[in-house]
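Numbering (my numbering), first residue to last: 872 to 1106.
Next comes the structure, spelled out in structure tokens:
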């Protein structure tokens, strides 16, 4: 089936966070498989993040950057390695993903990168805490998408920018989830998982509308191959 035959027109939606919370997580049960996909199979947008957030210039010394849904911490680690004069924190709900992320920065002697177990729908950060934010592929499995964007806006400083990357085609985006479900079913018979088998993929219109309703100074969205991107700047 060609990718363009399965592009989803799904609009941002809300689901029961309480129900999801009660279920096991694939990102815990088969953490190594997602980490492999994230580090080896998914597109690496590190250079795109840098060029978009800072126009390929060196970011100002001392700024704080946060990566939401960081998983094994690929972007957090790479940004911290590239710019040792900035502070980077990655947050995720999966302790096993974060354990892997911490091991990576420890073995790489990356001193300016840390990780915290946090739900991106209810961030513990104070208002206006960060200068820049990165979020990649979080809306494929995340409930209450508008709430997550509201949290992004809240924790950014005035003039802060967020970079968001999401897949465009449900078929390709669902391969990691489906693989994780299959593997988990072979090794564990628990009470179900909070993640769906099929990834949520937003149409270009729905993706743009996700950022509407908040007083951003500017919002730009664009597409490149299998991914779509947004750059939002807070007034």
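Even for Gly, the Cβ is constructed at its ideal location relative to N, Cα and C.
Nothing here was measured: the structure is a model prediction, and the numbers come from that model.
Is there at least one non-hydrogen atom of the ligand NAD closer than 7 Å to the beta-carbon of residue 1002? Questions concerning the ligand NAD fall outside what the structure shown contains, since it holds no ligand whatsoever.
Among the residues of its own chain, which have a CB less than 7 Å from the CB of residue 981, if the five just before and after it don't count? For the purposes of this step, residue 981 is taken as residue 110 along the chain shown, with counting starting at 1. Within the same chain, 948, 951 and 952 come within 7 Å of residue 981 by CB-CB distance, once the 5 residues on both sides are set aside.
Pull the bridge partners of residue 1089 from the DSSP assignment, please. Here residue 1089 is taken as the residue at index 218 of the chain shown, counted from 1. For residue 1089, the pairing in a beta bridge is given by DSSP as 1104.
Can you give, in chain order, each stretch of the alpha helix (DSSP H) that sits fully within the segment 982-1032 and has at least 4 residues? 1016-1026
Does the distance from the C-beta atom of residue 937 to that of residue 1026 stay below 8 Å? On the chain shown, position 66 is the one that residue 937 refers to. On the chain shown, position 155 is the one that residue 1026 refers to. Cβ distance < 8 Å, so residue 937 and residue 1026 count as in contact.
Is DSSP giving residue 913 helix, strand or coil here? For this step, residue 913 is matched to residue 42 along the chain shown. Of the three classes helix, strand and coil, the one that applies to residue 913 here is coil, per DSSP.
Go ahead and label residue 993 buried or exposed: buried means 16 or more other beta carbons lie within 10 angstroms of its beta carbon, across all protein chains shown. Your numbering for residue 993 matches position 122 in the chain shown. Flag for residue 993 reads exposed.
Residues in the same chain with beta-carbon distance under 7 Å from residue 985, minus the five sequence neighbours each way, listed in chain order, please. In the chain shown, residue 985 corresponds to position 114, counting from 1. Cβ within range, chain order: 960.
In terms of residue numbering, what span does the beta strand (DSSP E) encompassing residue 1097 cover? In the chain shown, residue 1097 corresponds to position 226, counting from 1. Here residue 1097 belongs to no beta strand (DSSP E), and DSSP marks it neither H nor E.
Using only the alpha-carbon positions, how far apart do residue 1101 and residue 977 sit? Locating residue 1101 in the chain shown gives position 230, counting from the first residue. Locating residue 977 in the chain shown gives position 106, counting from the first residue. The straight-line gap from Cα to Cα measures roughly 31 Å.
Enclosing beta strand (DSSP E) for residue 962 [first to last residue]: Stepping through the chain shown from its first residue, residue 962 is reached at position 91. Here the beta strand (DSSP E) through residue 962 covers 958-963.
Residues of its chain near residue 924, where Cβ-Cβ distance is below 6 Å and the 5 sequence neighbours each way are ignored: Residue numbering aside, residue 924 sits at position 53 when the chain shown is read from its first letter. 1003, 1032 and 1034, listed in sequence order.
Neighbourhood of residue 930 by C-beta distance below 7 Å, restricted to the same chain and skipping five residues each side: Here the question's residue 930 lines up with position 59 in the chain shown. So the qualifying residues of the chain are 954 and 957.
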